[in-house]
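Colleague:
Protein chains in written order, with this note's numbering: chain A, 1 to 155; chain B, 156 to 537.
#1: Please state whether DSSP places residue 261/B in a helix, a strand or coil.
#2: Going by alpha carbons, who is nearest to residue 481/B out of 357/B, 440/B and 447/B?
#3: At the 8 Å Cβ level, is residue 408/B part of the contact set with chain A, yes or no?
#4: Tell me, which residues are paired with residue 445/B by DSSP?
#5: Considering just the uninterrupted stretch of the beta strand (DSSP E) at residue 403/B, what are its terminal residues?
#6: From residue 79/A to residue 269/B, what distance separates their C-alpha atoms?
#7: Where residue 122/A and residue 254/B are concerned, what is the direct C-alpha to C-alpha distance, given to the nearest angstrom?
#8: Just tell me which of 229/B, 531/B, 382/B and 283/B has its CA closest to the CA of residue 160/B.
#9: State buried or exposed for residue 319/B, treating a residue as buried only when at least 16 other CB atoms are found within 10 Å of its CB.
#10: Do residue 424/B and residue 327/B come within 8 Å of each other at the CB atom, strictly closer than that value?
#11: Taking the alpha carbon of residue 281/B as the point to measure from, which residue in 357/B, 501/B, 521/B and 218/B has its own alpha carbon closest?
#12: Leaving out five residues on either side along the sequence, give the residues of the same chain with a beta carbon under 6 Å from the beta carbon of residue 260/B.
#13: Along the beta strand (DSSP E) that carries residue 31/A, what are the first and last residues, could you check?
#14: Out of curiosity, what's the CA-to-CA distance linking residue 175/A and residue 192/B?
#15: Are the C-beta of residue 314/B and some C-beta of chain A separated by less than 8 Å?
#16: Please name the residue in 58/A, 2/A, 29/A and 61/A whose C-alpha comes closest to that of residue 91/A.
#17: Taking the beta carbon of residue 403/B as the centre, do at least 16 other beta carbons fall within 10 Å, making it buried, or is it exposed?
#18: What are the boundary residues of the beta strand (DSSP E) that residue 316/B is part of?
#19: Flag residue 254/B as yes if its beta-carbon sits less than 8 Å from any beta-carbon of chain A, otherwise no.
#20: Can you tell which of 507/B, 406/B and 518/B has its C-alpha closest to the C-alpha of residue 275/B?
#21: So with CB distances below 9 Å, who are the chain B contacts of residue 24/A?
#22: Does any residue of chain A have a CB that is nearer than 8 Å to the CB of residue 209/B?
#23: For residue 163/A, tell me which candidate among 393/B, 460/B and 527/B has the shortest Cα-Cα distance.
#24: Does residue 34/A come within less than 8 Å of chain B when only Cβ atoms are used?
#25: Can you say whether residue 321/B is buried or exposed, counting buried as having 16 or more other CB atoms within 10 angstroms of its CB?
#26: Using 8 Å as the Cβ pair cut-off and three pairs as the minimum, do the region 83-90 of chain A and the region 33-53 of chain A touch?
#27: DSSP state of residue 493/B, grouped into three classes?
#28: Please name the residue or residues paired with residue 234/B in a DSSP beta bridge.
#29: Suppose you measure from the CA of residue 295/B to the CA of residue 199/B; what does that come to, to the nearest Å?
#30: Which full runs of the beta strand (DSSP E) of 3+ residues lie inside the region 337-413 of chain B, going along the chain?
#31: Let me check understanding here. Comparing Cα to Cα, which of 68/A, 137/A and 97/A lies closest to residue 149/A?
#32: Measure the Cβ-Cβ separation of residue 431/B and residue 308/B and say whether it is below 8 Å.
#33: When you compare the CB of residue 147/A with every CB in chain B, is at least one pair closer than 8 Å?
#34: According to the Cβ coordinates, are residue 285/B and residue 246/B closer than 8 Å?
#35: According to the Cβ coordinates, are residue 20/A and residue 104/A closer than 8 Å?
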């Protein structure tokens with residue numbers, strides 16, 4: 001069974017081939033069983049993955065929803081104008097899985113989980129979430145506003 | 156055979172969605188297209204386009220809207236005037252006591268939306284704005300929600316992205332600077348796509364949940380087309396919202412280019428419920444057909460419509476249908492037929508002008524948010 005890390009590697013490889021042109025927008029929806037206390041960390045981790053795909057530094061993040069409710073969506077705005085929506089959905093029967101759309105200025109790639117669940121283990125993603133991203137997500141959830149990220153944040 | 160019971164008047168014709176709506180009305184035996192018309196002082200090119208559709212339908216063109224509205228055999232007016240003229244024309248039609256079938260999105264300003272809602276209420280006429288809500292896949296989503304098969308709805312993620320236009324010409328490298336209020340909604344080469352396409356997912360969410368939007372955060376962008384950039388209108392937009400009960404909603408809308416999708420574009424809803432999550436996709440279920448036919452290729456660019464907005468302009472450049480994905484479910488009755496059903500039953504459309512005005516407000520909030528970078532709380536100040 002493929003893992004999320006496999007999916008991320010495949011997307012990275014597809015983007016490296018430049019077939020889509022320059023990535024401009026990513027839609028990432030992760031379905032999972034995470035407990036409320038793990039949701040922000042998971043989203044920050046995914047936001048970091050998306051940042052690497054886009055290859056631009058994020059400048060703003062806005063979060064809607066609540067970890068306690070199991071539904072949180074991030075809107076990320078990047079320095080050169082790219083955007084992303086990264087969402088976590090805790091649901092009962094869908095099972096773990098990921099829907100991903102990446103739009104480049106010349107094309108798009110789609111991964112629709114459909115009925116095929118991806119193995120979604122905590123240790124599946126080796127990268128630790130970027131502490132600046134994680135902190136900004138928490139700030140946005142508290143403030144209900146978009147929050148800036150420090151300029152010069154990676155990549 | 157029974158006589159048609161509704162006379163339909165078409166306002167503003169070729170090179171608008173009237174091409175589609177006229178075909179839908181013409182196919183329904185309950186009605187008869189009696190004439191085409193427009194404002195008396197339209198530009199010569201617009202009049203020529205209007206007369207072109209009148210000729211193809213074999214019905215008279217009445218160049219004076221006032222005279223056309225005085226006809227006793229007109230019951231329904233289908234209005235496809237461009238957004239900057241749509242509101243004032245709709246007001247005249249309502250005042251004349253005609254039922255309104257309106258192109259989307261409703262009107263470009265809150266003042267016009269409020270005035271139209273009041274005019275329809277005062278005249279006691281029925282009204283309806285075209286959306287995707289009447290399509291079979293959307294109806295299936297509605298049943299899932301209404302029958303509580305997902306439990307309580309916890310979140311909705313909606314995408315409507317049109318795979319049209321030759322992408323790759325936009326200049327990238329900096330965020331778009333939005334303006335409020337938005338202007339230049341419909342040009343020959345470009346439309347404001349958050350408004351033009353975003354009206355669909357916004358209307359879907361409102362209709363499916365029955366809840367009003369409470370907060371809106373919006374971003375607009377120029378990712379694909381030089382044409383949109385040249386006219387300073389966005390080709391892409393996204394919204395992150397909450398409903399009045401706090402339910403989070405995310406929406407993407409835009410025009411992403413002919414070759415960005417195997418069919419007409421991404422059109423899907425992810426409905427996250429307390430008991431179950433459902434992905435309702437206009438392109439599912441489907442057959443996938445692969446043959447030794449030549450692969451699909453985008454049509455030549457029609458300078459009268461480089462983005463592929465209208466049927467007639469794409470016919471002119473021999474647009475071939477994409478045939479790799481073949482829908483399994485039947486398309487079902489048209490949106491126009493749905494409105495005639497409402498008239499038959501004497502009931503309001505689920506997308507009446509009053510409902511459509513709510514989508515206008517959400518879209519305007521999106522533009523305001525994209526301009527200020529702040530979260531906008533609804534309702535907007537009057």
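Even for Gly, the Cβ is constructed at its ideal location relative to N, Cα and C. Since we're looking at a predicted model, the values are computed, not measured.
Modeller: Reading it off the structure:
#1: Within the second chain, the letter at position 106 stands for residue 261/B. In the structure shown, residue 261/B adopts coil according to DSSP, grouped into three states.
#2: Position 326 of the second chain holds residue 481/B. Of the listed residues, the one whose Cα sits closest to residue 481/B is 440/B.
#3: Position 253 of the second chain, counting from 1, holds the residue named residue 408/B. Residue 408/B does not count as touching chain A.
#4: Locating residue 445/B in the second chain gives position 290, where the first residue counts as 1. DSSP lists no partner for residue 445/B.
#5: If you number the second chain from 1, residue 403/B lands on position 248. Counting along the chain, the beta strand (DSSP E) containing residue 403/B begins and ends at 403-410.
#6: For the purposes of this step, residue 79/A is taken as the residue at position 79 of the first chain. For the purposes of this step, residue 269/B is taken as the residue at position 114 of the second chain. Their Cα atoms are separated by approximately 38 Å.
#7: The residue labelled residue 122/A in the question sits at position 122 within the first chain. The residue labelled residue 254/B in the question sits at position 99 within the second chain. Per-residue confidence for residue 122/A stands at a pLDDT of 44, beneath the threshold of 50, marking its modelled position as unreliable; the derived number appears in the next sentence. Taking the straight line joining both Cα atoms gives about 58 Å.
#8: As a first step, residue 160/B is located in the second chain; it is residue number 5 there, counting from the start. Checking every option, the nearest Cα to that of residue 160/B belongs to 229/B.
#9: The residue given as residue 319/B occupies position 164 in the second chain. The residue in question, residue 319/B, is buried, as its Cβ has 16 or more Cβ neighbours within 10 Å.
#10: To locate residue 327/B, count along the second chain from 1; it is residue 172. To locate residue 424/B, count along the second chain from 1; it is residue 269. No, they are not a contact pair.
#11: For the purposes of this step, residue 281/B is taken as residue 126 along the second chain, with counting starting at 1. It is 501/B whose Cα lies nearest to the Cα of residue 281/B.
#12: The residue given as residue 260/B occupies position 105 in the second chain. Excluding residues within five positions, the ones whose Cβ falls inside 6 Å are 350 and 354.
#13: Along the first chain, read from residue 1 onward, the residue named residue 31/A stands at position 31. Unbroken beta strand (DSSP E) run through residue 31/A: 23-32.
#14: This structure leaves residue 175/A out entirely; chain A is present only between 1 and 155.
#15: The residue you call residue 314/B lines up with position 159 of the second chain. With 8 Å as the cut-off, residue 314/B counts as an interface residue toward chain A.
#16: For the purposes of this step, residue 91/A is identified with residue 91 of the first chain, where counting begins at 1. Nearest option by C-alpha distance: 29/A.
#17: Taking the first residue of the second chain as 1, we reach residue 403/B at position 248. Buried.
#18: Numbered from its first residue, the second chain carries residue 316/B at position 161. 308-317 is the extent of the beta strand (DSSP E) around residue 316/B.
#19: Stepping through the second chain from its first residue, residue 254/B is reached at position 99. So no, residue 254/B is outside the interface.
#20: For the purposes of this step, residue 275/B is taken as residue 120 along the second chain, with counting starting at 1. Cα-wise, what sits closest to residue 275/B is 507/B.
#21: Counting from 1 along the first chain, the entry for residue 24/A is found at position 24. Within chain B, the C-beta atoms nearer than 9 Å to that of residue 24/A come from 325, 327, 376, 378, 379 and 391, in chain order.
#22: Position 54 of the second chain, counted from the first residue, corresponds to residue 209/B. No - not a single Cβ of chain A is within 8 Å of the one on residue 209/B.
#23: Lying before the first or after the last residue shown, residue 163/A is absent from chain A, which here runs from 1 to 155.
#24: Position 34 of the first chain holds residue 34/A. No, because no Cβ of chain B sits closer than 8 Å to the Cβ of residue 34/A.
#25: As a working note, residue 321/B is residue 166 in the second chain. Counting C-beta atoms within 10 angstroms of its own C-beta, residue 321/B has 16 or more neighbours from the protein chains shown and is therefore classed as buried.
#26: yes
#27: Mapped onto the second chain, residue 493/B falls at position 338. Of the three classes helix, strand and coil, the one that applies to residue 493/B here is helix, per DSSP.
#28: Translated into positions along the second chain, residue 234/B becomes position 79. DSSP lists 166/B and 257/B as partners of residue 234/B.
#29: The residue given as residue 295/B occupies position 140 in the second chain. The residue given as residue 199/B occupies position 44 in the second chain. Going from the Cα of residue 295/B to the Cα of residue 199/B covers about 45 Å.
#30: 368-376, 391-398 and 403-410
#31: Reading the first chain from its first residue, position 149 is the one you call residue 149/A. Among 68/A, 137/A and 97/A, the Cα nearest to that of residue 149/A belongs to 137/A.
#32: Locating residue 431/B in the second chain gives position 276, where the first residue counts as 1. Locating residue 308/B in the second chain gives position 153, where the first residue counts as 1. Contact: no.
#33: Position 147 of the first chain, counting from 1, holds the residue named residue 147/A. Answer no: the Cβ-Cβ gap between residue 147/A and chain B never drops below 8 Å.
#34: Along the second chain, one-based indexing puts residue 285/B at 130. Along the second chain, one-based indexing puts residue 246/B at 91. Result no, Cβ atoms of residue 285/B and residue 246/B do not sit closer than 8 Å.
#35: The residue given as residue 20/A occupies position 20 in the first chain. The residue given as residue 104/A occupies position 104 in the first chain. Yes, the pair counts as a contact, with Cβ atoms nearer than the cut-off.
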